[in-house]
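Have a look at the structure below, then the notes.
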Amino acid sequence: MADNGDEDSEYRIKVGDCVVLKRGDIFKAMQIQLGKKVIFEKQWIFLDKTVGQLYSTTFDIVSGGNLLPQKPKNADDASDAKEAGTDNRNIVDDGKSQKLTRDDIETLKEQGLKGQEIIQQLIDNSSTFRDKTEYAQDKYIKKKKKKYENTVTILKPSCRILAMMYHGREPGKICHLRYDTLAQMLTLGNVHAGSKVLVFETCAGLVLGSVMERMGGKFVLLTLQSLAVAHCIIKQPLFPLHSGHGSVVQMYPGGGPVRAGMESFGFPAHFHDTLHEFPICHVNALLAGTLDTTGKHSSAVEKQSDKDKEKEQNQPEAEQAGEQQDGPEDPNMETVTAEEARVEKEKKEKEKRKEAKAQEKRMKLAAAVAQLEGRNADGLIIASRFHPSSVVMGLLKFLAPSRPFVIYSQYKEALIECFTKLKEHGGTVNVRLTDTWLRHYQVLPNRTHPLLLMSGGGGYLLSGTTVATDTAKPSGSQRVEEPAAKRQKLTDTEG
Amino acid sequence: MSFVEYSDVIQDGDVAIVYLGIDSTMPIKVQKGAQTQTRYGVIRHSTDLIGQRYGSKVTCSKGGWVHVLHPTPELWTVSLPHRTQILYTTDIATITMMLELKPGSVVCESGTGSGSLSHAILRTIAPTGHLHTVEFHQQRAEKVAEEFKEHRVDHLVTVRNQDVCKDGFGVTGVADAVFLDIPSPWEAVRHAKTALKRQGGRVCSFSPCIEQVQKTCQALMDQGFEELSSVEVLLRVHDVRVVSMPLPDFGPDPSAPPGPDSRGEAPNHASIALKTTTPPREIPGHTGYLTFATKPRT
Chain A
8 MADNGDEDSE YRIKVGDCVV LKRGDIFKAM QIQLGKKVIF EKQWIFLDKT VGQLYSTTFD
68 IVSGGNLLPQ KPKNADDASD AKEAGTDNRN IVDDGKSQKL TRDDIETLKE QGLKGQEIIQ
128 QLIDNSSTFR DKTEYAQDKY IKKKKKKYEN TVTILKPSCR ILAMMYHGRE PGKICHLRYD
188 TLAQMLTLGN VHAGSKVLVF ETCAGLVLGS VMERMGGKFV LLTLQSLAVA HCIIKQPLFP
248 LHSGHGSVVQ MYPGGGPVRA GMESFGFPAH FHDTLHEFPI CHVNALLAGT LDTTGKHSSA
308 VEKQSDKDKE KEQNQPEAEQ AGEQQDGPED PNMETVTAEE ARVEKEKKEK EKRKEAKAQE
368 KRMKLAAAVA QLEGRNADGL IIASRFHPSS VVMGLLKFLA PSRPFVIYSQ YKEALIECFT
428 KLKEHGGTVN VRLTDTWLRH YQVLPNRTHP LLLMSGGGGY LLSGTTVATD TAKPSGSQRV
488 EEPAAKRQKL TDTEG
Chain B
12 MSFVEYSDVI QDGDVAIVYL GIDSTMPIKV QKGAQTQTRY GVIRHSTDLI GQRYGSKVTC
72 SKGGWVHVLH PTPELWTVSL PHRTQILYTT DIATITMMLE LKPGSVVCES GTGSGSLSHA
132 ILRTIAPTGH LHTVEFHQQR AEKVAEEFKE HRVDHLVTVR NQDVCKDGFG VTGVADAVFL
192 DIPSPWEAVR HAKTALKRQG GRVCSFSPCI EQVQKTCQAL MDQGFEELSS VEVLLRVHDV
252 RVVSMPLPDF GPDPSAPPGP DSRGEAPNHA SIALKTTTPP REIPGHTGYL TFATKPRT
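Protein sequence lines correspond, in order, to chains A and B. According to the numbering used here, the first sequence holds residues 8 to 502 in order. According to the numbering used here, the second sequence holds residues 12 to 309 in order.
Pasting the structure below:
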C-alpha cells in the first residue's frame, strides 16, 4: 500500500467527496459525511467505512448499516457441469417448488448470511432448479442476486453516471432528457475547453455540470517558456493556449441559478472560477445597453432579484423584518439600555454584511456582463421547460457568427415553432430537428437479443449554426431549406 | 483556426467549411491566390476569404452565394473525403459520453480510418489530453497524419502504422479510454487491457455485425472487463413542412343556419394548412452496435 499511496490518492474516497452509490442499475448521488445515516434502496447505511477506500469498490452492507469492502471474487460458484434439464415441458409452476418460506429467508438474513449464501440455500431448497435448462438456471440466479445481494458500489461521478441516474430516478426534474440526447447536445454544441458557452437550463443543473465537465475547468495561459517550469510542477503534458478564456455563463430564470445537479459532479474549486451566472430578467437591458452594474442605480437591479428571491423563499421572514424596524422608533424610549445597544450593533453589522453581499453580487453581475456584452459566445445550449422559441430568440444575439446552438425540448411541436421562427429571422444555417432512438442488447451465447425497447421519450433537439447577419432578407434567398418540387432558379441578390 | 480552438478571421492556410445548403458542405484549404469552384460560381480565396470573418456570406462569380464556416469536428464529419466508411456524429456523441472523455483524457483508437472520430476525440481531450491512434493501412495513416497537421491538432495525436491485433497501441498503462473499430476487435481486447491505466478505464468496440459483438463480449468477459453494455443509437431527422390538407365536401348542410359567417365561398375550396414534420424517405437504419465496458483496477 505504501508504494501506491501517492499514485492512487486521487482515486481514494475522501470525506466531503461527491459520490454516486450504485447497485445494479440504481444510482444515487450523495456526499460522504461521517456519522451520517443515509438511505439507499430502502436501507439505512453509514458511509464512514468507505473513506480511504478506492473508488469503484463494492461494499457489503453488514448489520448496523456499516459497509465492508467485498473480498475479491472467486471464480463463480461451481460453473462446472451442473445438472440441468433440456426444456420446460415438465416443469409446473405451482408456486410450491421453493421449500423455504419467507420467514425462513428472514431468519437466514438475520443470522447474517451473505447474499451469495442465501442464494445457495434457495437453490438447494428448490425442487425444480435442477430440471431447469442451464439458461433458465442462469436467469434464476441473476434474479435472486438482484434481490438478495446486499451490496453497494461507490463511484466517482461523471456526466454518464449522473445523466443515467437522473433519467432513471427523477426524469421530471430534467425535463425527461434522456442521456443519449444529452450526449448529442454536448457534441453538437462543440463544447470544448477554452470556449465560452451559454447555458440556459431547468434540468436541476445536470446540463450545466455536463457542459462544465467537457470544458475541463480553468486553463492557464502559458507561453513556451513557462511550459518547462509548469511541466515540473504539474507533471502533465501541457500545451500553449492562444486564448485565455474558457467560461460557462449560466443564464437563469427567477431568483437564483439552480445548481444541485452540477454540485453532484464534485468539481474541484478552479472549475467554479470559470462559471458565471446572469439573470434573464436583465437580458433586454443588456442588449439595449441600459444595464447598470455599478452602485449608483444598483437598488433597481437588486430590488428586482431580491423581489424574486423573497417571492420564492422568505415570505414569513419579510413580515418579521418589517415589524422589527418599527421597534426603536418608539418615542417613549429615553435611556439606551445595554440590550438595545447590542441590538443596534447587530443591526449595523447585519447592514454591513448585507452591503458586502450586495457588492459581491454587483461584481458577479459585472463579470457576467463582461462575458456577454461582446456578443461573442462560442456556443448556446438550451434545455428547459420554457417555451424554446422565445428563449432562443432572446439569447441567440449573444453568439458570434459561425457558432453552434442546440435546443432541447421534451415536445416536438415547440421545436417546430422554433425552427420556423429561426428561418424567418435568418442568421442561421444547417438547422435540423432530430431525436435519437436508443436500444440496449443482451449479449449472451445463444441468447443475444435486444432488450425492452426504450420509449421515444428522450426528447427532441434543434441544432444549427449561426452566420453573419446582413441586409439580405432570408425569405428572398435563392434557395429554401425546405426542398421545393421544382429546381430553384438562381437570383442575383448582391453584386 | 484549429479544430480544437475557435478563431474569428479566416487566414491563409486555414481549413474552412463552405456551406452550400442543407446536407451540402465542402472543405476548403484557404490559400492566397487560389480559387475554388462551386455550383454557385468561383470563390477567390484572396478577396473572398482571407481577412473575412468566419460565418460570412460569400458571393460567388455566378452571383449565387454560400457561407464560410469555422471548421468543427461535426462539420468535418459530413464534409471529409472518405477513405473508409466513417462514424457519424450520432455514434460519436454517444461514444464520447459513454467513454467519459474530457479535457486531459488519454485515448487509444484503432482503426483511424478517415479520421472522423479522431477529430471529435481531439476536440474533447484538448488541450492537455493525447490520442494514440493506430491504422494498419500505410497510405491512410499518412493521409490522416497530414490532415492532423493541417488542422493544427498534430501536437495532440500520435499516429502509428501497425496492426493493433498483433502489436497493440504502442503504449501501456496510460489510457483512460480505448476505442476499437476493426474487423476482429476480440483480437485486440488484450491489447486494450494493456494500454489502459492500471487504475481502470473504459473501452468501446464498434461492430456492424452481431457475431462480432458476441465474440467481443466474450473476449471482454474473459479479460475481466465489467459492466458490459451493448447498444445501438439511431438518428431520426424531422423535416419541418407546411402541408395543406383539403377539407371534404359533404354537401350543403341543411341543418346549419345560413349565417353571415359562411366560411369560404365554396366549401370545396377550403383546406387546412398544417405545420408538421415528415421523416425523410429513407433513414439510416443501422450503423453498428456499440459495446462498452469498464476495466477494473488491476
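Every residue gets a Cβ at the ideal spot worked out from N, C-alpha and C, and that includes glycine.
- The Cβ atoms of A:Asp-24 and A:Leu-41 do not sit closer than 8 Å to each other.
- Under a criterion of Cβ atoms nearer than 9 Å, the residues of chain B adjacent to A:Ile-423 are, in order, His-249, Val-251, Lys-286, Thr-287, Thr-288.
- Residues of the stretch 82-98 of chain B with a C-beta less than 7 Å from any C-beta of chain A: Thr-83, Glu-85, listed in chain order.
- Note on geometry: alpha-carbon atoms of A:Gly-122 and A:Glu-113 lie some 12 Å from one another.
- The beta-carbon of A:Cys-166 is placed less than 8 Å from the nearest beta-carbon of chain B.
- Under the three-state reduction of DSSP, A:Asn-157 is assigned to coil, being neither helix nor strand.
- Contact check between the stretch 91-98 of chain B and the stretch 236-244 of chain B: fewer than three CB pairs, one atom from each, fall below 8 Å, which does not count as touching.
- In the pairwise beta carbon analysis, the stretch 174-193 of chain B is classified as not touching the stretch 54-69 of chain B: fewer than three pairs are separated by under 8 Å.
- Here the alpha carbon of A:Thr-135 sits roughly 6 Å from the alpha carbon of A:Ser-104.
- At a cut-off of 8 Å between beta carbons, A:Tyr-448 contacts chain B.
- Just measuring C-alpha positions, the residue of A:Phe-405, A:Leu-74, A:Lys-146 sitting nearest A:Lys-44 is A:Leu-74.
- Cβ contact annotation for B:Val-164 (same chain, cutoff 7 Å, sequence separation greater than five): Ser-13, Phe-14, Val-15, Leu-133, in chain order.
- C-alpha of B:Leu-60 to C-alpha of B:Val-41: approximately 7 Å in a straight line.
- Residues of chain B whose Cβ lies closer than 7 Å to the Cβ of A:Ser-409 are, in chain order, Tyr-65, Gly-66, Leu-80, His-81.
- Close partners of B:Thr-107 in chain A (Cβ separation under 9 Å): Ala-190, Leu-193, Thr-194, Arg-221.
- A straight-line Cα-Cα distance of about 18 Å links A:Ala-345 and A:Lys-357.
- Residue-level contact by beta carbon fails for A:Leu-169 and chain B, as no gap is shorter than 8 Å.
- Within chain A, Tyr-448, Val-450, Thr-455 have C-beta atoms less than 9 Å from the C-beta of B:Ile-221, given in sequence order.
- Residue environment: A:Ile-126 is assigned as buried (16 or more neighbouring CB atoms within 10 Å of its CB, all protein chains considered).
- Cβ-Cβ separation between A:Arg-221 and B:Lys-113: approximately 6 Å, consistent with a contact (criterion under 8 Å).
- Counting along the chain, the unbroken beta strand (DSSP E) around A:Lys-29 starts and ends at 25-30.
- Scanning its chain for C-beta atoms nearer than 6 Å, with the 5 sequence neighbours on each side dropped, one finds no residue around B:Cys-220.
- Within chain B, the residues placing a beta-carbon under 9 Å from that of A:Tyr-18 are Gln-210, Gly-211, Arg-308, ordered along the chain.
- Annotation: the stretch 261-309 of chain A contains the following complete segments of the alpha helix (DSSP H) (minimum length 4 residues), in chain order: 267-270, 276-279, 290-295.
- In the three-state reduction of the DSSP assignment, A:Gly-471 falls in the strand class, which pools E and B.
- Within its own chain, the residues whose Cβ lies closer than 6 Å to the Cβ of A:Ala-292, once the five positions on either side in sequence are excluded, are Leu-298, listed in chain order.
- Against chain B, the beta carbon of A:Thr-281 has no neighbour under 8 Å; the closest one sits roughly 12 Å away.
- For B:Cys-228, the chain A residues whose C-beta falls within less than 7 Å of its own C-beta are Val-450, listed in chain order.
- Straight through space, the alpha carbons of A:Gln-77 and B:Arg-201 are spaced by roughly 26 Å.
- Neighbours of A:Val-436 across chain B, judged by C-beta separation under 7 Å: Tyr-30, His-78.
- Within the same chain, Trp-76, His-78 come within 7 Å of B:Lys-68 by CB-CB distance, once the 5 residues on both sides are set aside.
- What B:Val-214 touches in chain A, judged by beta-carbon distance under 8 Å, is nothing: the nearest beta carbon there is about 14 Å away.
- Restricting attention to alpha helix (DSSP H) runs no shorter than 4 residues, the stretch 134-195 of chain A encloses them at 141-155, 166-176, 186-195, ordered along the chain.
- Among the residues facing chain B, A:Leu-215 is not included, as its CB has no counterpart in that chain under 8 Å away.
- With a threshold of 8 Å between beta carbons, B:Thr-169 makes no contact with chain A.
- Judged by DSSP in its simplified three-state form, A:Phe-207 adopts strand.
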